[in-house]
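So the protein sequences, as listed, match chains W and C. Residue numbering for the first sequence follows the working numbering, starting at 116 and increasing by one per position. Residue numbering for the second sequence follows the working numbering, starting at 42 and increasing by one per position. A virtual CB, placed ideally from N, CA and C, is assigned to each residue, including glycine.
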Amino acid sequence: MGLIDNINKLFDHRIRLGIMSILMVNEEVDFNRLKELLEVTDGNLASHTKTLEKAEYIRIEKSFIGKKPNTRYSATKLGKLSFKKHIQALEHIIKNQT
Amino acid sequence: MESKKYLEDISQIKDMMNRSSRFISLSGLSGILAGLYAITGAAVAYFYLIPQREAPLTVHSWNFKMIVGILLTVAVLSSVTAYLLSAKKAKKNNEKVWDETTRRLLVNFLVPLLTGGIYILIKLNSQHYGLTASLMLIFYGLALVNASKYTIGKVRYLGYLQIALGLVCAAFPGYGFWFWVLGFGLLHIIYGSLIYFKEEKQ
């Protein structure tokens with residue numbers, strides 16, 4: 116049908132889906148904020164953000180606030196576009212099956 | 042089976058978007074109420090406090106202090122209403138009232154607003170009242186536009202309208218009072234109602 120092709124395997128995971136949803140509506144979010152919203156462990160979150168970064172869906176910026184390291188995340192244009200396509204595909208599938 | 046999972050995905054997306062930038066949803070009813078407070082305050086000032094042309098308003102007169110008092114009351118009432126309604130909503134949705142999003146929203150809102158407020162007070166102290174309404178509208182509009190980065194709704198457009206109204210107001214000296222009523226009263230009520238009915242539908 117072609118519709119199923121738009122389902123993005125990368126977004127087919129609760130945490131990655133959550134990260135993208137948050138970055139769609141926030142310009143920039145830092146690590147602790149993501150952790151707080153998604154209720155996940157450090158290691159878990161780090162591995163999923165890395166996956167999304169590899170696909171160039173999100174940007175990761177590391178800096179220091181005083182002596183504390185601060186990591187900030189934002190969605191790329193490609194990431195936002197892909198995520199929109201993914202949502203549309205989800206909606207289509209749901210509509211056509213009910 | 043599959044479509045049930047997709048349905049869950051969609052609701053998770055919505056939930057995360059709302060949770061991470063949810064403050065927009067407070068503004069329906071609190072917008073309407075803020076508008077009503079502003080109009081009530083303006084009515085009191087208009088009928089009881091604004092002097093006739095022969096007796097101009099001065100900074101140290103009783104009338105002037107009362108008008109400042111009304112302005113502060115309207116501002117405090119609106120803020121408290123917004124806080125209580127959003128706290129109630131947060132509790133209902135099992136969210137924290139005070140987190141990173143709300144903190145940033147507040148900082149972004151307050152920086153332009155307090156700048157404007159202090160500027161207006163300085164101007165008033167040197168007897169420049171003429172542009173007060175215009176400046177209030179402009180700085181309030183800028184504060185809204187600035188804070189709208191942390192919302193997903195249409196707060197930005199309310200901000201643009203307030204700025205535009207403030208600029209038009211600057212071109213019509215003497216009508217500041219009416220522009221103030223239009224901006225802080227009517228625009229809030231119209232905006233609040235639009236959001237409120239949209240919320241009710243969902």
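8 angstroms CB neighbourhood of C/Glu95 in its chain, flanking five on each side removed: Position 54 of the second sequence, counted from the first residue, corresponds to residue 95 of chain C. Since pLDDT at C/Glu95 reaches only 49, below the 50 mark, its modelled position is unreliable, and the value read off the structure follows with that caveat. So no residue of the chain qualifies.
Simplified DSSP assignment, three categories, for W/Ala190: Indexing the first sequence from 1 puts residue 190 of chain W at position 75. DSSP places W/Ala190 in strand when its eight states are reduced to three.
Meets three-Cβ-pair contact criterion under 8 angstroms: the region 214-227 of chain C and the region 177-192 of chain C: yes
Other residues of its chain near C/Ala75: CB distance less than 6 angstroms, five sequence neighbours each side excluded: The sequence position of residue 75 of chain C within the second sequence is 34, counting from 1. The residues are Ser119, His229.
At least three beta-carbon pairs within less than 8 angstroms, the region 49-64 of chain C to the region 134-141 of chain W: yes
W/Ile208 at chain C interface by Cβ criterion, 8 angstroms: Position 93 of the first sequence, counted from the start, is the residue given in the question as residue 208 of chain W. Yes, contact with chain C.
Below-8 angstroms beta-carbon distance, C/Leu48 vs any chain W residue: Reading the second sequence from its first residue, position 7 is the one you call residue 48 of chain C. Yes, because at least one Cβ of chain W sits closer than 8 angstroms to the Cβ of C/Leu48.
C/Pro214 in three-state terms, based on DSSP: Numbered from 1 along the second sequence, position 173 holds the residue referred to as residue 214 of chain C. The answer is coil: DSSP assigns C/Pro214 none of H, G, I, E or B.
Chain W within 8 angstroms of C/Arg197, Cβ atoms only: By 1-based counting over the second sequence, the position of residue 197 of chain C is 156. Chain W, which has no Cβ nearer than 8 angstroms to the Cβ of C/Arg197, makes this no.
Chain W contact for C/Gln53 (CB, 8 angstroms cutoff): Against the second sequence, residue 53 of chain C aligns to sequence position 12. Yes, C/Gln53 lies at the interface with chain W (some Cβ there is under 8 angstroms from its Cβ).
Own chain partners of C/Leu172 with C-beta closer than 7 angstroms, once the 5 adjacent residues on each side are dropped: Translated into the one-based positions of the second sequence, residue 172 of chain C becomes position 131. Excluding positions up to five away in sequence, the list reads Ala211.
Residue from W/Asn159, W/Glu171, W/Asn123, W/Ser162 with nearest C-alpha to W/Ser189: Indexing the first sequence from 1 puts residue 189 of chain W at position 74. The residue with the shortest Cα to Cα distance from W/Ser189 is W/Glu171.
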